[in-house]
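**Student:** In terms of the UniProt record's numbering, the sequence shown has 123 at position 123, counting the first letter as 1, and numbering is strictly consecutive.
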Amino acid sequence: MILTVKPSLFLKDKVALPASKSYSIRAFMIAACGGQSIIIDPSDCDDAKVAMRTAKALGAKVKCIEHNSWEVHGASSARMAQVIDVQESGTVLRFILPLLALRGEKVKVTGQGTLLGRPNLFLTEALRKMGVDIVGKGKNESVPININSGILQGGKIRIDGGLSSQFISALLITCPQLKEDTQLLLTGKSLVSTDYIMMTQQILHKSGVDIQQKNARKYLITGNQKFKGLRKFTVPSDYGLAAFLMGAAVLNKSDVVLTGWLKDDLIQADGHILPLLEKMGVKFQKTSKSIKIKGPQVLKGGVFSLKDCPDLVPIMSILALFSKGKTKLTHIKHARVKESDRISDLREELLKVGAKVEETEDTLIIDPQEDYRKDCLLNPHHDHRLAMAFCVLGTKVGVCVKDIECSAKSYPGFVKDFKAMGVNMMKK
Numbered sequence: 001m002i003l004t005v006k007p008s009l010f011l012k013d014k015v016a017l018p019a020s021k022s023y024s025i026r027a028f029m030i031a032a033c034g035g036q037s038i039i040i041d042p043s044d045c046d047d048a049k050v051a052m053r054t055a056k057a058l059g060a061k062v063k064c065i066e067h068n069s070w071e072v073h074g075a076s077s078a079r080m081a082q083v084i085d086v087q088e089s090g091t092v093l094r095f096i097l098p099l100l101a102l103r104g105e106k107v108k109v110t111g112q113g114t115l116l117g118r119p120n121l122f123l124t125e126a127l128r129k130m131g132v133d134i135v136g137k138g139k140n141e142s143v144p145i146n147i148n149s150g151i152l153q154g155g156k157i158r159i160d161g162g163l164s165s166q167f168i169s170a171l172l173i174t175c176p177q178l179k180e181d182t183q184l185l186l187t188g189k190s191l192v193s194t195d196y197i198m199m200t201q202q203i204l205h206k207s208g209v210d211i212q213q214k215n216a217r218k219y220l221i222t223g224n225q226k227f228k229g230l231r232k233f234t235v236p237s238d239y240g241l242a243a244f245l246m247g248a249a250v251l252n253k254s255d256v257v258l259t260g261w262l263k264d265d266l267i268q269a270d271g272h273i274l275p276l277l278e279k280m281g282v283k284f285q286k287t288s289k290s291i292k293i294k295g296p297q298v299l300k301g302g303v304f305s306l307k308d309c310p311d312l313v314p315i316m317s318i319l320a321l322f323s324k325g326k327t328k329l330t331h332i333k334h335a336r337v338k339e340s341d342r343i344s345d346l347r348e349e350l351l352k353v354g355a356k357v358e359e360t361e362d363t364l365i366i367d368p369q370e371d372y373r374k375d376c377l378l379n380p381h382h383d384h385r386l387a388m389a390f391c392v393l394g395t396k397v398g399v400c401v402k403d404i405e406c407s408a409k410s411y412p413g414f415v416k417d418f419k420a421m422g423v424n425m426m427k428k
């Protein structure tokens, strides 16, 4: 399906933010490990639904007890499925591999679409060293992945933390369930997306699991821990998805109020969007229940490190097109192994509208132009965040976005909410 987005002179309205995809996935996967949990208002996006189904496949009992509140009884020794399809969820894939290896059973994990080429080598290498016979497809060990035999064992484990934090989170969830204690050591030149690791630690702590972090690269994990469940956990609103709505308001010099559950005690990597916008000259007012954005007259370019928030690369690139002065987005190499190559694929599409964009392995450099081509057909490469970012671009120059339904991976209500803000759009 193609979505045509026309320039919008002024946006307004109050929009309720969707729940966090990352927290929803972590809540269901950790709840599946033991105890009784109540998860309130999780995301209804595709990836969160995969996490819920995967929890059931692990043997957990999941049921809706009232409107969007879910009761989860941990899997314990319940029988699990022999083939598990995680569809396109990279997070669920990485989280489930070591959990499956706890049982010593033969199981196959499959996936679809953009997940077919995503790398898992660092994680599968670590699991082999921990005693598991696990084999993925090709040199990157993509799906399908077969766990043939072996039971996971603790000890001293090294894993590269420079490609994806999901590998580390996966081991932090699983290692407390081993018989042995584990010393987890992170290697690699630079650690990325560390806020996501902290998110995982927060949910583990709420479930009664103790992880001792000695420094940025060393974790001590006691074995034989019991997951007590999350009791009542309300999933917070998603800053990463709010970034697209804020971006549209900013570009159109509009005042928009976004409402939701925005408590500061729950870490979100994409919460970096607020200080980033502030550096660009955006004014906002934030409480635990809302964000009020006031679009500036002039956006300021600059150098912005997105090392810990690669999901912000698409929207920051769009904002950079309309900023004063060049913008350089740095430390984003790991954005190449998301649903798309968020450096090369993004540059390819922005060139279609006449943007001046340079890329290196680790950076994007955007030099804003006076004018851009209008009504271009842009391909998001089946990446939900590229699709939504291109819609934000459309509010300024008009674009046609292919495959807009891929936005349901994280934000099924995106088109509805965008339209409620006053954006002129039409589906074909």
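In this text, a Cβ means the ideal position worked out from N, Cα and C, and glycines have one as well. Quantities reported herein were computed from a predicted structural model and do not represent experimental measurements.
What's the C-alpha gap between Glu-180 and Ile-365?
**Tutor:** 47 Å
**Student:** With a Cβ-Cβ cutoff of 9 Å, do Lys-409 and Asp-46 count as a contact?
**Tutor:** yes
**Student:** Could you name the residues that DSSP lists as bridge partners for Ile-39?
**Tutor:** Trp-70 and Phe-233
**Student:** May I ask which residues mark the beginning and end of the alpha helix (DSSP H) holding Cys-391?
**Tutor:** 384-397
**Student:** Please classify Cys-376 as buried or exposed, where buried requires at least 16 neighbouring CB atoms within 10 angstroms.
**Tutor:** Cys-376 should be labelled buried.
**Student:** Closest by CA to Gln-153, which one among Ser-165, Arg-385, Cys-175 and Glu-141?
**Tutor:** Cys-175
**Student:** So for Gln-268, helix, strand or coil by DSSP?
**Tutor:** Residue state for Gln-268 is assigned as coil, using DSSP reduced to three classes.
**Student:** Look at the Cβ atom of Leu-351, then the Cβ atom of Lys-324, and state whether they are nearer than 9 Å.
**Tutor:** In this structure, Leu-351 keeps its C-beta atom at 9 Å or more from the C-beta atom of Lys-324.
**Student:** Between which two residues does the beta strand (DSSP E) carrying residue 494 extend?
**Tutor:** The requested residue 494 is not part of the displayed model; the chain covers only 1 to 428.
**Student:** Taking 7 Å as the limit between beta carbons, can you name the residues of its chain near Gln-285, skipping five residues before and five after?
**Tutor:** Lys-292
**Student:** Which value, in whole angstroms, describes the spacing of the CA atoms of Ala-355 and Met-316?
**Tutor:** 14 Å
**Student:** Can you tell which of Ala-51, Leu-306 and Val-313 has the C-alpha that lies nearest to the C-alpha of Gly-247?
**Tutor:** Val-313
**Student:** Let me know the secondary structure DSSP gives Lys-218 once reduced to three states.
**Tutor:** strand
**Student:** At what residues does the beta strand (DSSP E) containing Arg-158 begin and finish?
**Tutor:** 155-160
**Student:** Which residue's Cα is closest to the Cα of Gln-297: Asp-255, Leu-329 and Pro-275?
**Tutor:** Asp-255
**Student:** Curious, which full-length beta strand (DSSP E) runs of at least 3 residues does the stretch 275-355 contain?
**Tutor:** 283-286, 290-294, 299-305 and 323-330
**Student:** For Ile-332, which residues of its own chain have a beta-carbon under 8 Å away from its beta-carbon, when the five flanking residues on both sides are left out?
**Tutor:** Leu-306, Lys-307, Pro-310, Val-313, Arg-342, Ile-343, Asp-362, Thr-363 and Leu-364
**Student:** Checking 9 Å against the spacing of the C-beta atoms, do Leu-93 and Ile-173 come in under that value?
**Tutor:** no
**Student:** Using the rule of at least 16 other Cβ atoms within 10 Å of the residue's Cβ for burial, across every protein chain shown, is His-272 buried or exposed?
**Tutor:** His-272 comes out buried.
**Student:** By a C-beta neighbour count over all protein chains shown, 10 Å radius and 16 as the cutoff for buried, is Lys-396 buried or exposed?
**Tutor:** buried
**Student:** Can you give the beta carbon distance from Trp-261 to Thr-234, rounded, assuming they're within the 8 Å contact cut?
**Tutor:** The beta-carbon distance between Trp-261 and Thr-234, rounded to whole angstroms, is 6 Å. This is short enough to meet the 8 Å contact definition.
**Student:** Are Asp-417 and Pro-380 touching if we call contact CB-CB under 9 Å?
**Tutor:** no
**Student:** Given a cut-off of 9 Å, decide if Ile-38 and Val-72 are closer than it, judged by their beta-carbon atoms.
**Tutor:** yes
**Student:** If we ignore side chains and look at the alpha-carbon of each, how far apart do Ile-25 and Ile-96 end up?
**Tutor:** So the alpha carbons of these two residues sit roughly 11 Å apart.
**Student:** With DSSP run on the structure shown, which of helix, strand or coil describes Thr-182?
**Tutor:** Strand.
**Student:** For Ser-169, count the other beta carbons within 10 Å of its own beta carbon; 16 or more makes it buried, fewer makes it exposed. Which is it?
**Tutor:** Burial call: buried.
**Student:** When the Cα atoms are used, what is the spatial distance from Ile-373 to Cys-33?
**Tutor:** Reading off the sequence shown, one finds Arg at residue 373, where the question assumed Ile. Near 52 Å, if we compare the C-alpha coordinates of Cys-33 and Arg-373.
**Student:** Less than 9 Å between the beta carbons of Tyr-411 and Met-388, yes or no?
**Tutor:** The beta carbons of Tyr-411 and Met-388 sit closer together than 9 Å.
**Student:** What separation, rounded to the nearest whole angstrom, lies between the Cα atoms of Val-303 and Arg-231?
**Tutor:** 42 Å
**Student:** Under 6 Å Cβ to Cβ from Leu-121, same chain only, skipping five residues before and after it: list those, please.
**Tutor:** Asn-140 and Glu-141
**Student:** For Val-75, name the three-state secondary structure that DSSP assigns.
**Tutor:** Position check: residue 75 holds Ala in this sequence, whereas Val was assumed. Of the three classes helix, strand and coil, the one that applies to Ala-75 here is coil, per DSSP.
**Student:** Out of Met-198, Val-143, Arg-217 and His-205, state which residue places its alpha-carbon closest to the alpha-carbon of Gly-162.
**Tutor:** Arg-217
**Student:** Exposed or buried, which one is Met-421 when buried takes at least 16 other CB atoms within 10 Å?
**Tutor:** buried
**Student:** What do you get for Leu-386, buried or exposed, if any count of 16 or more other CB atoms within 10 angstroms of its CB means buried?
**Tutor:** buried
**Student:** For Gln-36, which of Ala-48, Ala-19 and Ala-55 has the nearest alpha-carbon?
**Tutor:** Ala-55
**Student:** What are the residues that DSSP puts in a beta bridge with Glu-359?
**Tutor:** Leu-364
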